[in-house]
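A.B. asks: Dropping the structure in here first, questions after.
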Amino acid sequence: MASPRQQSLSSLLGLYLSATLVIFATALLIWTYDTAIKAVNAQLLLDFDQRFTIARNVLTHRLDLINANLSHIAVSDRVLSKIHSGKKAATETELGRVVWDQTDSSLDILFMATAENNTIWADASAPFLDVSPFLPLIAEHKQSLAPSGAVLHLQTNNRSLTMLVSAVPLVRQDTGKVIGTLFGGIVLGDNFTLVEGIRSSTESREIILLEDGRILASTSLEDSAATREIRELGKRVIQEDFVRLPGELIASFRPLALPSFPAPLVCGIAIADLTPTSITNAYMHKGAFTITLSIVFFLGTILLIHRVTRPSLNRLLDYTNKVRSGDTQARFQPVRINELNIVGQAMEEMVAKLQASQSYVEGIVNSMPSVLIGVDHFGVVTLWNDKAAQASGKIADQIKGRRLDEAFPELASDMEMILASIREGKVREIHKRVRNKDGIAIYENVVVYPLAVGYDGGSAGAVVRVDDVSERVRIEEIIVQTEKMISVGGLAAGMAHEINNPLGGILQGAQNIERRLSPDLTANIKAAEAQGTTLEAVRGYMLDRGLLRMLDGIRDSGERAAKIVRNMLNFSRGSESRRKVCDLNALVDHAVELASSDYDLKKKYDFRRIDIQRQFHPEPVTISCTEMEIEQVVLNLLQNAAYAMADSDQTDNPPRIILRSRLEPGFSVFEVEDNGPGLSEDVRKRIFEPFYTTKPPGLGTGLGLSVSYFIITQNHGGTFSVESEPGKGAKFIIKLPAT
1 MASPRQQSLS SLLGLYLSAT LVIFATALLI WTYDTAIKAV NAQLLLDFDQ
51 RFTIARNVLT HRLDLINANL SHIAVSDRVL SKIHSGKKAA TETELGRVVW
101 DQTDSSLDIL FMATAENNTI WADASAPFLD VSPFLPLIAE HKQSLAPSGA
151 VLHLQTNNRS LTMLVSAVPL VRQDTGKVIG TLFGGIVLGD NFTLVEGIRS
201 STESREIILL EDGRILASTS LEDSAATREI RELGKRVIQE DFVRLPGELI
251 ASFRPLALPS FPAPLVCGIA IADLTPTSIT NAYMHKGAFT ITLSIVFFLG
301 TILLIHRVTR PSLNRLLDYT NKVRSGDTQA RFQPVRINEL NIVGQAMEEM
351 VAKLQASQSY VEGIVNSMPS VLIGVDHFGV VTLWNDKAAQ ASGKIADQIK
401 GRRLDEAFPE LASDMEMILA SIREGKVREI HKRVRNKDGI AIYENVVVYP
451 LAVGYDGGSA GAVVRVDDVS ERVRIEEIIV QTEKMISVGG LAAGMAHEIN
501 NPLGGILQGA QNIERRLSPD LTANIKAAEA QGTTLEAVRG YMLDRGLLRM
551 LDGIRDSGER AAKIVRNMLN FSRGSESRRK VCDLNALVDH AVELASSDYD
601 LKKKYDFRRI DIQRQFHPEP VTISCTEMEI EQVVLNLLQN AAYAMADSDQ
651 TDNPPRIILR SRLEPGFSVF EVEDNGPGLS EDVRKRIFEP FYTTKPPGLG
701 TGLGLSVSYF IITQNHGGTF SVESEPGKGA KFIIKLPAT
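Under the numbering used here, think of the first position of the sequence shown as 1, with each following residue one higher.
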């Protein structure tokens, strides 16, 4: 298929030029409008600065006027004469007359306090204001009021009052002695005259005075949206330079730098909005035209780009969707736009690398000898390696979306531990967990590794690893038994040396008795005749009473004991020098012949009542061994099996021993299996320990199997193991290196 004509993406960018120019023009329009607005706002700030300066001057002038009035009253002869007369009522009347007749501004507060104890002596304050409760409080601030006055905010039990107050001393003219203090001022609360004067002086629309967030006085008498907004803003005392209000008003709030206590006064000034309406309208028309033109160019450009680039983009998107859905065989088809080709080829390379990396990781996971299963935080399977498929008989596709306890029932009992490991973020382990598989005990180690990030980057999960450690457990058991047998070797050597000496005396004594009874020696005949009898009579008596047979038994038992002693010595120092190549089948047959004549009434077994079955390999099974030791091991196993089946039901389950031999790569294998009561798990683990026995006291020493174990593992380099379950008999397995 011919490759389509390719076109650089840079050529398409020219299509955006018109839209870019329109956008630039719009930005320039916005910038010029913003600059004009900022210039107007700067002028507004300057204008507000001037107005607040005038407002501050009005209040300062009012304080100066209060001070001037008080100073005028303090030197009035009529006032001083009334004070000298000591007539309080006349003094109050004279103070009121002077305020109304001789001052340029009325005083809401006017009173006199004595110099001695600063008590109120004469009060000429406006009675309708009821300021008398506040006069003692004003007098307490005498020091802070002189000489220029201050703003006071006073609080009684149920009232508060804010005022402009000043104080001047009253001096006796003839002596120059201070006889008291004259206080005067105006109340700021609801003082319409004051705020109206500020509005007139600042040429503003509205004035509001606040103290500590509380409205003191305001010129806003009409109930309009603008006046309500001014009052609300005044209560909150906003911190912006100014704010625009409904009704084309602009308001600003600033503190007035006046002597005050305890909080400064805040003045709010509202003026008409000076932003030229024509500027706004002109820029609105230009903006509408620019925006319309931009929309036209934008739509045209979008249509053109859509027709030119859409097919190429669709092809790229189609490829990405295939990859996302898991189609790793998808290939990117080249398009007209070079840059999109570069992107598509890069994605192809990235997908190939990811696929190779994923295959590599899967290969590692599947090559692991352990069962590896990944789960999410709900316990749903997300990873299933080949070993898991082999152990469960289920492939990965069969367990997709299933919980672990359903996919791998062997781990159902461990689900709570696995989920707890995910929640806690801690590794959990179970060592040597036992489960039964086809009648065989399987030992497993289970380890749970929590993951911070789960499958496909989702929520946390875990990886569960299951290892079959059955062989390791058996090897560990063999190692333990071997170490125990090494210690028994030293004990056996010591016992052999200690027993050998008295045993030699017994054998020698038995031999001497036989010699003393032998007719071949003349001395024996003479000794019998000297006692009035003949040697034949003595031998006849001993024969009738079985004494000769007893002597034979003593000699045979002694020789057997000597043989055991020699075996114990061999047990302690090995026997490589006496090894030879033997047929295992022949050794077993010889051991069976020895056992067939063994009958022990005390131990309740008789080999004549046991069905012994031979399942030998048809060819000779040759091994390099010490013949006597292997026979000893086989004989011990036969005797143990016979004892185990001594109490079995002879009718329903007749005692049976099966002897097997076979060849395995590198080994000759011999098995002894019985249908007795079997062994518990605890007994099976300890069966090869020295001196461990399940027989009653007096019936066993616990050394038979431990010695046999030592002979097989140490002297012959083989393995000795047992398989058994309660009620299912026992099977002892011996593996010896083949020759």
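C-beta atoms are modelled at their ideal positions from N, C-alpha and C, and glycine is treated no differently.
Three or more C-beta pairs under 8 Å: does that hold for the stretch 143-153 against the stretch 54-69?
C.D. replies: Touching, yes, given that three or more Cβ pairs across the two stretches are closer than 8 Å.
A.B. asks: Could you check what DSSP says for K735 in three-state terms: helix, strand or coil?
C.D. replies: In the structure shown, K735 sits in a strand (DSSP, three-state: E or B).
A.B. asks: Return yes when the Cβ of I687 is within less than 8 Å of the Cβ of Q613, no when it is not.
C.D. replies: It is not a contact, given that the beta carbons lie outside the stated cut-off.
A.B. asks: According to the Cβ coordinates, are T534 and T622 closer than 8 Å?
C.D. replies: Not a contact, by the Cβ cut-off of 8 Å.
A.B. asks: In whole angstroms, what is the alpha-carbon distance linking E206 and S252?
C.D. replies: Taking the straight line from one Cα to the other gives about 11 Å.
A.B. asks: In angstroms, rounded to a whole number, what distance separates the CA positions of C582 and D467?
C.D. replies: Rounded to the nearest angstrom, the two C-alpha atoms are 40 Å apart.
A.B. asks: Can you tell me where the beta strand (DSSP E) holding E723 begins and where it ends?
C.D. replies: Counting along the chain, the beta strand (DSSP E) containing E723 begins and ends at 719-724.
A.B. asks: Where does P409 fall in DSSP's three states?
C.D. replies: Residue state, collapsed to three classes: helix.
A.B. asks: Pick helix, strand or coil for V473, following the three-state DSSP scheme.
C.D. replies: Here V473 sits in helix by DSSP.
A.B. asks: Does the stretch 71-78 come close enough to the stretch 35-52 to have 3 or more Cβ pairs within less than 8 Å?
C.D. replies: Short answer: they don't touch.
A.B. asks: By a C-beta neighbour count over all protein chains shown, 10 Å radius and 16 as the cutoff for buried, is A89 buried or exposed?
C.D. replies: Burial call: exposed.
A.B. asks: DSSP three-state label for N653, please.
C.D. replies: Coil at N653, not helix or strand.
A.B. asks: By DSSP, does N118 sit in helix, in strand, or in coil?
C.D. replies: Looking at N118 - three-state DSSP - the assignment turns out to be coil, as it is neither helix nor strand.
A.B. asks: Measure from the C-beta of L170 to each C-beta in chain B and report whether the shortest distance is under 8 Å.
C.D. replies: Protein chain content of the structure displayed is limited to a single chain, and chain B is not contained in it.
A.B. asks: L95 and L110 - do their beta-carbons sit closer together than 8 Å?
C.D. replies: In this structure, L95 lies closer than 8 Å to L110 by Cβ.
A.B. asks: At the level of alpha carbons, what is the spacing between Y541 and L547?
C.D. replies: In a straight line, the C-alpha of Y541 is about 8 Å away from that of L547.
A.B. asks: Let me check understanding here. Comparing Cα to Cα, which of M550, R560, A330 lies closest to D318?
C.D. replies: Selected option, being the one with the closest Cα: A330.
A.B. asks: Can the beta-carbon of A217 be found less than 8 Å from the beta-carbon of L188?
C.D. replies: Their beta carbons are under 8 Å apart, which means A217 touches L188 by this criterion.
A.B. asks: Assign N158 to one of two classes, buried (16 or more other C-beta atoms within 10 Å of its C-beta) or exposed (fewer than that).
C.D. replies: Burial call: exposed.
A.B. asks: Apply the 10 Å Cβ neighbour rule to N436 and answer buried if 16 or more other Cβ atoms are within range, or exposed otherwise.
C.D. replies: Flag for N436 reads exposed.
A.B. asks: Looking at the strands, I want to know which residues DSSP matches up with Y443.
C.D. replies: DSSP, once it has assigned bridges, lists V434 as partnering Y443.
A.B. asks: So, are the CB atoms of L256 and L59 less than 8 Å apart?
C.D. replies: In this structure, L59 lies closer than 8 Å to L256 by Cβ.
A.B. asks: Quick check: what's the CA-CA separation for L775 versus A460?
C.D. replies: Only positions 1 to 739 of the chain appear in the structure, and residue 775 is not among them; the question remains open.
A.B. asks: Just how far apart, CA to CA, sit I271 and Q173?
C.D. replies: If I take the Cα positions, the gap works out to 51 Å.
A.B. asks: Just list the residues that DSSP pairs T181 with in beta bridges.
C.D. replies: DSSP, once it has assigned bridges, lists A113, P169 as partnering T181.
A.B. asks: Grab me the residues of V447's own chain with a C-beta within less than 6 Å of its C-beta, minus the 5 sequence neighbours each way, in chain order.
C.D. replies: E429, R465, listed in sequence order.
A.B. asks: When you compare the CB positions of I198 and V165, do they come within less than 8 Å of one another, or not?
C.D. replies: Cβ distance not < 8 Å, so I198 and V165 don't count as in contact.
A.B. asks: So if DSSP puts M163 in a beta bridge, which residue, or which two residues, is it bridged to?
C.D. replies: Answer by DSSP bridge pairing, in chain order: L152, V187.
A.B. asks: As a quick exercise: from K142, E629, V266, pick the residue whose alpha carbon is nearest that of D212.
C.D. replies: Per the Cα distances, V266.
A.B. asks: Among all the DSSP beta bridges, which residues are the ones paired with E211?
C.D. replies: Looking at the DSSP assignment, E211 forms a beta bridge with R214, L265.
A.B. asks: Can you look up G666 in the DSSP assignment and give me helix, strand or coil?
C.D. replies: G666 falls in the coil class under three-state DSSP.
A.B. asks: Find out if the Cβ-Cβ distance for the pair L635, A591 is shorter than 8 Å.
C.D. replies: Yes, these two residues count as a Cβ contact at 8 Å.
A.B. asks: Apply the 10 Å Cβ neighbour rule to S577 and answer buried if 16 or more other Cβ atoms are within range, or exposed otherwise.
C.D. replies: In this prediction, S577 has a pLDDT of 48, which is less than 50 and means its spatial position is unreliable; what the coordinates show is noted afterwards. S577 is exposed by the Cβ-count criterion.
A.B. asks: Spatial neighbours of L736 within its chain, please: CB distance less than 6 Å, with the 5 preceding and 5 following residues excluded, ordered by chain position.
C.D. replies: So the qualifying residues of the chain are I623, S668, H716, G718.
A.B. asks: Which term fits F720, buried or exposed, when burial requires 16 or more other beta carbons within 10 angstroms of its beta carbon?
C.D. replies: F720 should be labelled buried.
A.B. asks: Would the stretch 366-379 count as touching the stretch 387-406 if we require 3 or more Cβ pairs under 8 Å?
C.D. replies: Verdict: yes, contact present.
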